[in-house]
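Protein sequences, first through last, are from chains A and B. Here the first sequence is numbered in our numbering, starting from 37 and rising by one per residue. Here the second sequence is numbered in our numbering, starting from 870 and rising by one per residue. Cβ coordinates follow ideal geometry from the N, Cα and C atoms, glycine included. As the structure is a prediction and not an experimental result, all values here were calculated from the model. First up is the structure itself, then whatever we jot down about it.
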Amino acid sequence: MTAVADTPLDPTDVVRVQVPHRSARSELRAIKIVWRRELIRFLNDRMRIVTSLVQPFLFLFVLGGGLQRLASAGTHGVDLKTFIYPGILCMTVMFTAMFSAASIVWDREFGFLREMMVAPVRRSSIVIGKCLGGATVAGAQGVIVLAIAGLVGVPYAPGLILGALGLQLLLAFAITAFGLSVAIRIKQMQSFMGVMQMIVMPMYFISGALFPSSGLPTWLTVLNRIDPLAYAVDPMRRLVFGHLNISAAARHALDPGITWWGWRMPALLEVGVVLGLGLALLSVAIWEFSATE
Amino acid sequence: MSDSQAITVRSLRKQFGDFEAVKGVSFEVGTGEVFGFLGPNGAGKSTTINMLCTLLTPTSGEARVAGHDVVRERDDVRRNIGLVFQDPTLDGYLTAAQNLKLHAELYGVPPALVAPRMEQVLTMVGLWDRKDGQVLSFSGGMRRRLEIARGLMHSPRVLFLDEPTIGLDPQTRRSIWDYIRQLQEREEITIFMTTHYMDEAEWCDRIAIMDQGQIVALDTPERLKAGVGADRVTIQTADNDSAIAALHARFGIEAQVSEGAVSFRIEAGEQFVPRLFAEFDPTRNPDLPAISGVSVSRPTLDDVFMSFTGSTIRDAEEDPSKLRNRVMMQMMGGRR
Ligand SMILES: Nc1ncnc2c1ncn2[C@@H]1O[C@H](COP(=O)(O)OP(=O)(O)OP(=O)(O)O)[C@@H](O)[C@H]1O
Ligand SMILES: [Mg+2]
């Protein structure tokens, strides 16, 4: 069964490799390798592609379609599905990004993480590669949901599509970074998924993905303003609503924006908050990962 | 410290909380040597390997591998070592070739060398024709061989093998040893390995016996065995229990039953056999069971181990259910 080369090769035939010293290029290569592996993993896992789309579609068509009759008075003639569509765009990438972060727990359970940890590359390259991989995979998933914009009355404007995709990538990056900073501490898949559900689901509901963030009870307003996800959902809604042809009253009621004592935050600032937070979480993940033995 | 040694270790210690897993070990491994670490479960073998390969930071002490300090020159150490961990670390979703390619890229193997080197290492472990098979479909022995091939992809100067043959059938274990020997001849590589199997330790140039975080003996297998002195005598009888009782009563010997035969240790075994037969002669002592066979063997590493640690190493590795429990526990994430 085990074919051993019975005529020992001439030692001069041995292909001898010199491992080069570490450099910026080798780090970039490492980032690319980890990133590409995430992609290969994702493409091989058709189940995951399908399952992480189930929830967004369920929310969009069942919840959106089902509650339409109740809500029509308050939506000023705008379809509820159209209203929650920006929130659904965010939701899609959130779930996919969470799964991507989970792969580090998975890799640990199956030992592969060690293979990467002893390679002559920085731990930060591994984390950055994972993060970019998570963002890319989530972006790909987001494209699928963007593709159905027409079904919910949202036009296929190039500016809208590019902007939405950019926001999705940013959000996916931040969520992956968040997931990684949690995942590095957790050794088991089940606990990780549990913890993520416990943190991310409430954050999602509070973010205003499914309702306008004005005129809420005070406690909910406070929670909403400190929920980082709100700062990703709001620019997405603004972007989508910017391309809708609706009455001023509807716009005012449905897209009030995030206000602090009456001052409406500019979209760019909101995006900056998400970006800043994503980078901070990435640093935390890198720091934690470098400190683990 | 001299850098002509592949590995130099001085008073290396590792503390986990208030538990001291490695209690100050010192040793040197020469370039091109096959050096074995032998010890029961929990002796601290893996912990020592992990410190040498920079995965764990020592609590105190020093170690140099391939001429570099494991704490201050981590990357230089990593570039020069290959590793096969105790627990598998392959990506099951990738093929054998993809696993090796990923490894080569992580280590920055020049692209032109990846294919020829891959062919060489895969041929050596007999997996060249399975290179496009998904690792999930491989048997345990194939995975182990693939991991060895992967550890060799970047031509390391020192190869660490943490129990490379655990749970494998004798034939596969044998072939893994053939690769190790080939490597030593062809690539001037230093091999540091741990094992539970006494018979394997015999193959090493030198072995260190580790027990409870300390090295209790370190020498060539021959010299360690010579140090024990006493031979092992094994006899076959129709009635083991009464033979043991008789040995105790007449010679003061503590014998045990092992593998269905009565065995005991005694100095100068060959000279003892005639006395034994005289005593067990049925014409003289008809009440004693007849001896139907006898063998005398020189001390084995089992005996060496016993004499240094006061216990046998057998328990852990020969009970497959224990092994399975351990694997299960590790899969449940008990340990990284
Ligand atoms: N990360 C850790 N935290 C706490 N204790 C640890 C850790 N790693 C190992 N230990 C303990 O250190 C001791 C030595 O473990 P080690 O894995 O080095 O043993 P070993 O000789 O390799 O044993 P085995 O033959 O079972 O592989 C054990 O008692 C183990 O429980
Ligand atoms: Mg071990």
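Output yes or no for whether 8 Å exceeds the beta carbon distance between residue i and residue j.
i	j	result
Gln955(B)	Glu1032(B)	yes
Leu317(A)	Met272(A)	no
Ile1060(B)	Ile1076(B)	no
Phe1174(B)	Leu907(B)	yes
Ala1159(B)	Thr1106(B)	yes
Ala174(A)	Ala208(A)	yes
Gln177(A)	Thr128(A)	yes
Leu188(A)	Asp291(A)	The amino acid occupying residue 188(A) in the given sequence is Val; Leu does not appear at that position. No, these two residues do not count as a Cβ contact at 8 Å.
Ala875(B)	Glu902(B)	yes
Arg159(A)	Asp944(B)	no
Leu1028(B)	Gly951(B)	yes
Val1131(B)	Asn1154(B)	no
Leu811(B)	Ala155(A)	Chain B is shown only over 870 to 1205; residue 811(B) falls outside these bounds and no answer can be derived.
Leu982(B)	Val157(A)	no
Glu1054(B)	Val953(B)	no
Ala183(A)	Leu205(A)	no
Gly913(B)	Gly1020(B)	no
Ala137(A)	Thr254(A)	no
Thr1169(B)	Lys1094(B)	yes
Val978(B)	Met1022(B)	yes
Ala1099(B)	Arg1134(B)	yes
Gly1002(B)	Gly1036(B)	no
Please find out if some non-hydrogen atom of ligand 2 comes closer than 7 Å to the beta-carbon of residue i.
i	result
Glu63(A)	no
Gln955(B)	yes
Asp1080(B)	no
Glu1032(B)	yes
Between residue i and ligand 1, is there a pair consisting of the residue's CB and a ligand heavy atom that are separated by less than 7 Å?
i	result
Ser915(B)	yes
Asn910(B)	yes
Phe97(A)	no
Ala1077(B)	no
Ala890(B)	yes
Phe1177(B)	no
Phe896(B)	no
Phe1061(B)	no
His1065(B)	yes
Look up residue i in the DSSP assignment and give the residues it is bridged to.
i	result
Gln874(B)	Gly899(B)
Thr1063(B)	Phe906(B), Asp1031(B)
Gly178(A)	BP columns for Gly178(A) are empty, so no partner.
Glu889(B)	Gln884(B)
Leu952(B)	Phe1029(B)
Gly1162(B)	Gln1105(B)
Ile1078(B)	Leu907(B), Ala1086(B)
Val894(B)	Leu881(B)
Phe214(A)	According to DSSP, which records beta bridges pairwise, Phe214(A) is partnered with nothing at all.
Gln1125(B)	Ser1132(B)
Glu931(B)	Arg879(B)
Trp299(A)	Trp296(A)
Asp858(B)	Beyond the ends of chain B as shown, which are 870 and 1205, falls residue 858(B); an answer cannot be given.
Gln1003(B)	Thr964(B)
Asp1100(B)	Ile1135(B)
Kindly examine ligand 3 and report whether one of its heavy atoms sits closer than 7 Å to the Cβ of residue i.
i	result
Phe885(B)	Because ligand 3 does not appear in the structure shown, any question about it cannot be addressed here, the ligands present being ligand 1 and ligand 2.
Taking 8 Å as the CB-CB limit, is residue i close to chain C?
i	result
Met152(A)	The chain labelled as chain C is not found among the protein chains of the depicted structure, namely A and B.
Against chain A: residues of the segment 1065 to 1083 of chain B by CB proximity under 7 Å: none
Residues from the segment 1020 to 1035 of chain B in contact with chain A, defined by Cβ distance under 7 Å: His1023, Ser1024
Where the segment 66 to 79 of chain A meets chain B: residues whose CB sits under 8 Å from a CB there: Within the segment 66 to 79 of chain A, those residues whose Cβ lies closer than 8 Å to any Cβ of chain B are, in chain order, Ala66, Ile69, Arg73, Ile76, Arg77.
Residues of the segment 887 to 917 of chain B with Cβ closer than 8 Å to any Cβ of chain A, in chain order: none
Interfacial residues, the segment 982 to 1003 of chain B to chain A, with Cβ spacing under 7 Å: Against chain A - using a Cβ distance shorter than 7 Å - the residues of the segment 982 to 1003 of chain B are Leu982, Pro985, Arg986, Gln989, Thr992, Met993, Gly995.
Selection of the segment 228 to 243 of chain A by Cβ proximity to chain B, strictly under 7 Å: Correct list: empty, as no residue qualifies.
Residues from the segment 49 to 64 of chain A in contact with chain B, defined by Cβ distance under 7 Å: Val50, Val51, Arg52, Val53, Val55, Pro56, Arg58, Ser62
Contact list for the segment 939 to 973 of chain B against chain A, Cβ threshold 9 Å: So the close ones are Arg943, Asp944, Asp945, Val946, Arg947, Arg948, Asn949, Ile950, Leu952, Phe954, Asp956, Pro957, Thr958, Leu959, Asp960, Gly961, Tyr962, Leu963, Gln967, Asn968, Leu971, His972, Ala973.
Interfacial residues, the segment 154 to 178 of chain A to chain B, with Cβ spacing under 8 Å: Val154, Ala155, Pro156, Val157
Residues, ordered as in the chain, of the segment 211 to 228 of chain A that lie near chain B by beta-carbon distance below 8 Å: Lys223, Gln224
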